[in-house]
Every structure is written in C-alpha cells, then in structure tokens.
Amino acid sequence: MISSIYALGVGCERGCAPDELFDLVNKVLQNAAIEPSNISGIHSIDLRRGEPAIVDVARKFNRPVCYFSASILEEQTPSLLNPSDRVFALMGCHGVAEAAALAGVGPTGVLVVGKTKSAHATAALAVTKR
2 MISSIYALGV GCERGCAPDE LFDLVNKVLQ NAAIEPSNIS GIHSIDLRRG
52 EPAIVDVARK FNRPVCYFSA SILEEQTPSL LNPSDRVFAL MGCHGVAEAA
102 ALAGVGPTGV LVVGKTKSAH ATAALAVTKR
C-alpha cells in the first residue's frame, strides 16, 4: 500500500503572534483538503527554534517540530516555487516555508501548496509517496 506523507513548512518573524501563524497554517491545510492529523510534523529553520508561534502550532496539532539548518534548506532551492533573494540575505537560504516542507518529506517530495503569506508568517505544504 502506498501512503502519502505530508510535511508542513513554516516561517515567521520573531515575535509573530501565535494566532497569526495558526490561522495561516489552517488556511494552507484547508486549501489542500488535508487534516492536521495527516501531517508528519511542523518544519522550519533552526534560527526559529523555540519561537512561540511555531511551538504553539505544533502543540495544537500534537505534531513534532523539526528544525533544519539554512544549508539544508538551501539544498531545496531548485524545487522552490518562490525563491527569494531577500530571504537569502536574511536567513542564508532562498526560502524557509517551502524548503522546510520539502526537506521534511525527503528527496522525492513535491509542493502541494506553495508559500502562502500573512503579515508576519509563511507556510507551505509538501507531500511524498511511500
């Protein structure tokens, strides 16, 4: 049996309101018709380790958080739908949400929902088949 593995990638500014990220993540999941229970985890850049908004989303969805270095996220650049030189200048990789989602599902992953933005956060969803 082949099953789909979904990973949610998120990025946010420091101090982003937890409700803002939570609402954005719900929008992404609704757009993909995916239940929170179907995602393997919440994925982001290690520079945001412990950020309250990210921790809050993981707690509400009862999913683990996995953080990746900028160099690991940068490896995903060829597969990004929305690479950003601005993000590269700030974070050291061309995308956080899309790249983290792709890194979360592994080398055969594809984006289901590309970078979706709110005022202070981004989210994306990737999938792979196993």
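Sequential numbering from 2 applies to the sequence shown in my numbering.
We treat Cβ as the ideally placed atom computed from N, Cα and C, and that holds for glycine.
- Assigned with DSSP and collapsed to three states, Leu22 falls in helix.
- Boundaries cannot be given for Ala120, as no alpha helix (DSSP H) includes it and DSSP labels it neither H nor E.
- Take Cys17, set aside five residues on each side of it, and the residues of its chain with a beta-carbon closer than 6 angstroms to its own are Ala54, His121, Ala122, in chain order.
- Residues of the same chain with a CB within less than 7 angstroms of the CB of Arg50, apart from the 5 flanking positions on each side, are Tyr68 in chain order.
- The C-beta of Leu25 has 16 or more other C-beta atoms within 10 Å across all chains shown, which makes the residue buried.
- In the displayed model, Gly16 falls within coil according to three-state DSSP, outside both helix and strand.
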